[in-house]
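Undergrad:
Residue numbers (the numbering used here): 16 to 338.
1) What are the boundary residues of the beta strand (DSSP E) that residue 166 is part of?
2) Per DSSP, residue 300 is paired with what?
3) The beta strand (DSSP E) spanning residue 229 covers which residue range?
4) At what residues does the alpha helix (DSSP H) containing residue 196 begin and finish?
5) Taking 7 Å as the limit between beta carbons, can you name the residues of its chain near residue 242, skipping five residues before and five after?
6) Is it right to say residue 329 is buried, meaning 16 or more other beta carbons lie within 10 angstroms of its own, or is it exposed?
7) Starting from the C-beta of residue 59, find all residues in its chain whose C-beta is less than 8 Å away, skip the five residues before and the five after it, and write them out in chain order.
8) Looking only at its chain, what residues have a beta carbon closer than 6 Å to the beta carbon of residue 145, apart from the 5 residues adjacent to it on each side?
9) Between residue 328 and chain B, is the shortest Cβ-Cβ distance under 8 Å, so that the two count as touching?
10) If you drop the 5 nearest sequence neighbours on each side, which residues of the same chain put their C-beta closer than 7 Å to that of residue 141?
11) Please report the straight-line C-alpha distance between residue 74 and residue 190, rounded to a whole angstrom.
12) Going by DSSP in three states, residue 329 sits in which element: helix, strand or coil?
13) In whole angstroms, give me the CA-to-CA distance for residue 83 and residue 77.
14) If you draw a straight line from the alpha carbon of residue 317 to that of residue 324, how long is it in whole angstroms?
15) Could you tell me the distance, in whole angstroms, from the CA atom of residue 336 to the CA atom of residue 148?
16) Which two residues bound the contiguous beta strand (DSSP E) that contains residue 244?
17) Give the DSSP bridge partners of residue 70, in chain order.
18) On the DSSP bridge list, what partners appear for residue 255?
19) Can you give me the C-alpha to C-alpha distance between residue 319 and residue 308, rounded to a whole angstrom?
20) Going by C-alpha distance, which of 209, 311, 334 is nearest residue 86?
21) Look at the Cβ atom of residue 176, then the Cβ atom of residue 232, and state whether they are nearer than 8 Å.
22) From residue 169 to residue 156, what does the alpha carbon distance come to, in whole angstroms?
23) For the alpha helix (DSSP H) containing residue 140, name the first residue and the last one.
24) Taking C-alpha atoms, which residue in 174, 230, 260 lies nearest to residue 280?
25) Does the separation of the CB atoms of residue 162 and residue 143 fall below 8 Å?
26) Using only alpha-carbon positions, find the residue among 174, 246, 134 that is nearest to residue 198.
27) Can you give the Cα-Cα distance for residue 221 and residue 111, rounded to whole angstroms?
28) I'd like to know whether the C-beta atoms of residue 100 and residue 68 end up nearer to each other than 8 Å.
Encoded structure:
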């Protein structure tokens, strides 16, 4: 009897010991959810971890302009669709700030930079810094005048300037006095639009450009410069502004002076389209900024995937007049 009791005690102790061992053992790992490869193992038995999201920096000349707001929005939509992170920085039309912004993006080690320059010359050193860091650069709307740029996405600004000139030539029947409001000096957009405009008007000797002054793509400056020009040239027939903001500013000055003048802008912003439909603005050149932003990001994704892209990627232009 005593022997049976001893065996029973030993059996209970053994069972308790096994229970303790079981509790101290490693719990089974939960299976990863469907589609999740789980963490990689040193022995290579598990699938690799998910690839990190690509990070693209986007330096924009200014967001105080509807055109560039649309450019940003197009880029953001394309980035979301492609599953990449887009870091947008606003240079506020300040070349020094843009260079600083670009250097900061380089320090963040973004995978690629999309650049809309405030000044083609001022950004050269920053582009070269990105090159040295192995970060590809794509320019959009405006070019950089140095450094290695993988691709440039833009409308044909020279052609756009020529379209504006052809419209004015026809509207004036080849005779008249014209004012040109230039964009920011040093930008490729201002240079190319101006060259296209002058080149097309060279074939119309009856049209005289009586004033050509910069108003820096700004509406308030467009108004001010137009007011000053009217002091010297009160009798003009047409105005070509390198963007809609300056065109709308000039239009305000002309209307305040009681003058009915043909005004042509560039960009086809919402405000400009409304002015065209109202019969106040004669025409504007549409260059589709949202599409440019979209194409810039799509091109960036191709570059990051090792695909070959065209050096120059054009976006179509249209002349917008009253329907």
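Quick reminder that beta carbons are idealized off the backbone N, C-alpha and C, glycines included.
TA: So, to answer that:
1) Within the chain shown, the letter at position 151 stands for residue 166. Unbroken beta strand (DSSP E) run through residue 166: 166-170.
2) One-based indexing of the chain shown puts residue 300 at position 285. According to DSSP, residue 300 bridges with 281, 334.
3) Here residue 229 refers to the residue found at position 214 when the chain shown is read from its first residue. That run of the beta strand (DSSP E) goes 222-229.
4) Counting from one through the chain shown, the residue named residue 196 turns up at place 181. Run containing residue 196: none in the alpha helix (DSSP H); it sits in the beta strand (DSSP E), 191-197.
5) The residue given as residue 242 occupies position 227 in the chain shown. Contacts found: 268.
6) Stepping through the chain shown from its first residue, residue 329 is reached at position 314. Answer is exposed; the Cβ neighbour count stays below 16.
7) For the purposes of this step, residue 59 is identified with residue 44 of the chain shown, where counting begins at 1. Interpretation of residue 59 is limited by its pLDDT of 39, a score under 50 that renders its predicted location unreliable; no figure is taken from the coordinates.
8) Start at 1 with the first residue of the chain shown, and residue 145 comes out as number 130. Excluding sequence neighbours, residue 145 sits near 121, 128, 152.
9) Note that chain B does not occur in the displayed structure, where there is just one protein chain.
10) Walking along the chain shown from the start, residue 141 turns up at place 126. The residues are 114, 117, 118.
11) Mapped onto the chain shown, residue 74 falls at position 59. Mapped onto the chain shown, residue 190 falls at position 175. Cα to Cα, the separation comes out at about 43 Å.
12) For this step, residue 329 is matched to residue 314 along the chain shown. Strand.
13) Within the chain shown, numbered from 1, the residue matching residue 83 stands at position 68. Within the chain shown, numbered from 1, the residue matching residue 77 stands at position 62. Their backbone Cα atoms lie some 7 Å apart in a straight line.
14) Within the chain shown, numbered from 1, the residue matching residue 317 stands at position 302. Within the chain shown, numbered from 1, the residue matching residue 324 stands at position 309. Cα to Cα, the separation comes out at about 7 Å.
15) Residue 336 sits at position 321 when you count from the first residue of the chain shown. Residue 148 sits at position 133 when you count from the first residue of the chain shown. Distance between the alpha carbons of residue 336 and residue 148 is about 46 Å.
16) Along the chain shown, one-based indexing puts residue 244 at 229. Note, residue 244: premise wrong, no beta strand (DSSP E); alpha helix (DSSP H) at 234-247.
17) To locate residue 70, count along the chain shown from 1; it is residue 55. In the DSSP output, where bridge partners are listed per residue, residue 70 has 100.
18) Numbered from 1 along the chain shown, position 240 holds the residue referred to as residue 255. Beta-bridge pairing links residue 255 to 195, 279.
19) For the purposes of this step, residue 319 is taken as residue 304 along the chain shown, with counting starting at 1. For the purposes of this step, residue 308 is taken as residue 293 along the chain shown, with counting starting at 1. Rounded to the nearest angstrom, the two C-alpha atoms are 17 Å apart.
20) As a first step, residue 86 must be located in the chain shown, where it is residue number 71. Minimum Cα distance to residue 86 is reached at 311.
21) Translated into the one-based positions of the chain shown, residue 176 becomes position 161. Translated into the one-based positions of the chain shown, residue 232 becomes position 217. Cβ distance not < 8 Å, so residue 176 and residue 232 don't count as in contact.
22) Numbered from its first residue, the chain shown carries residue 169 at position 154. Numbered from its first residue, the chain shown carries residue 156 at position 141. The straight-line gap from Cα to Cα measures roughly 4 Å.
23) To locate residue 140, count along the chain shown from 1; it is residue 125. Run containing residue 140: 139-147, per the alpha helix (DSSP H) assignment.
24) Numbered from its first residue, the chain shown carries residue 280 at position 265. Looking at the Cα atoms, 260 is the closest of the given residues.
25) Reading the chain shown from its first residue, position 147 is the one you call residue 162. Reading the chain shown from its first residue, position 128 is the one you call residue 143. Going by C-beta atoms, residue 162 is nearer than 8 Å to residue 143.
26) Counting from one through the chain shown, the residue named residue 198 turns up at place 183. Minimum Cα distance to residue 198 is reached at 134.
27) By one-based count along the chain shown, residue 221 stands at place 206. By one-based count along the chain shown, residue 111 stands at place 96. Going by the C-alpha atoms only, they are around 43 Å apart.
28) As a first step, residue 100 must be located in the chain shown, where it is residue number 85. As a first step, residue 68 must be located in the chain shown, where it is residue number 53. Their beta carbons are under 8 Å apart, which means residue 100 touches residue 68 by this criterion.
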